[in-house]
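S.K.: As they're listed, the protein sequences go chains W and G. Mind the numbering: the first sequence is residues 1 to 129 in my numbering, read in order. Mind the numbering: the second sequence is residues 130 to 318 in my numbering, read in order. Every residue, glycine too, gets a C-beta built ideally from N, C-alpha and C. Everything numeric in this text was worked out from a predicted model, so none of it was measured. Handing you this structure, nothing more for now.
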Amino acid sequence: MKQFWARMLPGDRVVVLSLLLVAVGLILLQLGRAPGRTVVAEVDGKVVFTAPLASDRQVSLPGPLGTTELQIAQGQARIIASPCPNKVCIRMGAVSDRGELLACVPNRLLVRIEGGDDHEESSYDLLSR
Amino acid sequence: MTSSVADPPTLPQARRKVFLALFTALAIALHTFEFLLPSPTPWFRLGMANILTLVALFLFDGRAAWTLALTRIGVGSLVLGQLLSPGFFLSLAGGVTATALMTLFHRLFPRRLGPIGISTLGAFGHALGQMTLAWWLLVRHPGIWNLFPYLLLAALLTGVLNGLAADLLLGMLRRHRAFAEERAGAELN
């Protein structure tokens, strides 16, 4: 072990330690993310659907282009069918963490994952639009 | 490095060619051998072939390292029958990023970074190159980057170990008779 340490130049130690810090930092960052509790779907900025992430279901959300199929399964939400031309929303895959989004811009649909009952999002006294 | 029959190569040139060929052959053998080992994930490889790239870099120069790395990836994939398959492109992206980082840092800090540091940077480059290509080509989803820190930790471990192996091998080679003469020449200058 001592011999191993001696084989490293000071620059080597800097490289190994800094990359180790980056890796550990990234892992901590990942573990710090909180899983979400509820799925909120908005069309044109109006909430049209809310459901807990824990219950499996599939809903049809009507938008200007047609209906987008949103699936909630195994604690994850994903869009499985959409009338939009690019299907970006389908390719966004599944979301499950607080603050994550699924968006179908052509169909004006926005699916958000929220934390649920701890009211951190509604801490304002008043919100006027 | 072209040569013709008209001008016979000097002894150091010939020595360089022979040793580079030997290193390349050994790298291909390691590349192939590693494919046979069971791996926890398709991403995780020991990267032992990189030991030879490091040796070429430290014993000769960056050019030798590039020659070795690219030949190893090309011929190695040919041997494994995965030439031009997704695995080949992942391997190529990793190898090119790794070699680029290693030659760059070896040139920037020739005295401060030894084989272990350069090897670690190479392993990091390999992980980064593979991940970027995998994300770009195969899985267009940012979730793939969740894997990256773990891949990076594995790369650090294998990078340090390969660097150590390269350091030991370099020590042996520099004591070898074929290189003793060059060392004597360098000491005279």
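(1) So F173/G contacts chain W; which residues on that side make the cut at Cβ distance below 9 Å?
(2) Could you check the C-alpha separation between P64/W and A81/W for me, to the nearest Å?
(3) Between which two residues does the beta strand (DSSP E) harbouring A77/W extend?
(4) So which residues on chain G does I90/W lean against when the C-beta distance must stay under 7 Å?
(5) Is Q30/W helix, strand or coil by DSSP?
(6) Helix or strand or just coil, what does DSSP make of R174/G?
(7) Relative to the alpha-carbon of G254/G, which residue among H160/G, L140/G, G176/G and A143/G has its alpha-carbon at the smallest distance?
(8) Report all residues from its chain with a CB closer than 8 Å to the CB of H119/W; omit the five preceding and five following residues, and keep chain order.
(9) Looking only at its own chain, which residues have a Cβ that is under 8 Å from the Cβ of H270/G, when we skip the five neighbours before and after it?
(10) Let me make sure I understand the geometry here. Which of F277/G, T232/G and L149/G has the alpha-carbon closest to that of L250/G?
(11) Would you call the stretch 156–170 of chain G in contact with the stretch 138–146 of chain G, where contact means no fewer than 3 C-beta pairs closer than 8 Å?
(12) Would you say G75/W lies against chain G (beta-carbon separation less than 9 Å)?
(13) Rounded to the nearest angstrom, what separates L282/G and R236/G at their Cα positions?
(14) Does the pairing of the stretch 22–41 of chain W with the stretch 58–77 of chain W give three or more beta-carbon distances under 8 Å?
(15) Using beta carbons (cut-off 9 Å, strictly below), is V204/G in contact with chain W?
(16) Where does V88/W sit, in a helix, a strand or coil, going by DSSP?
(17) Quick check on G99/W: buried or exposed, where buried means 16 or more other Cβ atoms within 10 Å of its Cβ?
(18) With a cut-off of 8 Å on the beta carbons, I'd call L280/G and A256/G a contact; round off their distance for me.
(19) Whose C-alpha, out of R174/G, P278/G and S206/G, is nearest the C-alpha of V24/W?
(20) Quick one: does V14/W have its CB under 9 Å from some CB of chain G?
(21) Starting from E163/G, trace the alpha helix (DSSP H) both ways and give me its first and last residue.
(22) Go to V105/W, then tell me how far its alpha helix (DSSP H) extends in each direction, as first and last residue.
(23) Let me know if N275/G comes out buried or exposed under the rule of 16 or more other beta-carbons within 10 Å of its beta-carbon.
(24) Counting contacts by CB-CB distance shorter than 9 Å, is V322/G in contact with chain W?
(25) Report the residues of the stretch 231–260 of chain G with a CB closer than 7 Å to any CB of chain W, ordered along the chain.
(26) Do you know offhand how far I126/G's Cα is from L266/G's?
M.R.: Well, looking at it:
(1) Within 9 Å Cβ-Cβ: nothing; F173/G doesn't reach chain W, min ~14 Å.
(2) 15 Å
(3) Q76 to A81
(4) Simply none; closest approach about 11 Å.
(5) helix
(6) coil
(7) G176/G
(8) Its pLDDT being 47, under 50, H119/W is placed unreliably in this model, and the coordinates cannot settle the point.
(9) W264
(10) T232/G
(11) no
(12) no
(13) 25 Å
(14) yes
(15) no
(16) helix
(17) exposed
(18) 5 Å
(19) P278/G
(20) yes
(21) L140 to L165
(22) Counting along the chain, V105/W falls outside any alpha helix (DSSP H), and DSSP gives it neither H nor E.
(23) exposed
(24) The question about residue 322/G has no answer, for chain G in this structure spans 130 to 318.
(25) F238, R241, L242, G243, I245, G246, T249, L250 and F253
(26) As displayed, chain G neither begins before 130 nor continues past 318, which places residue 126/G out of reach and without an answer.
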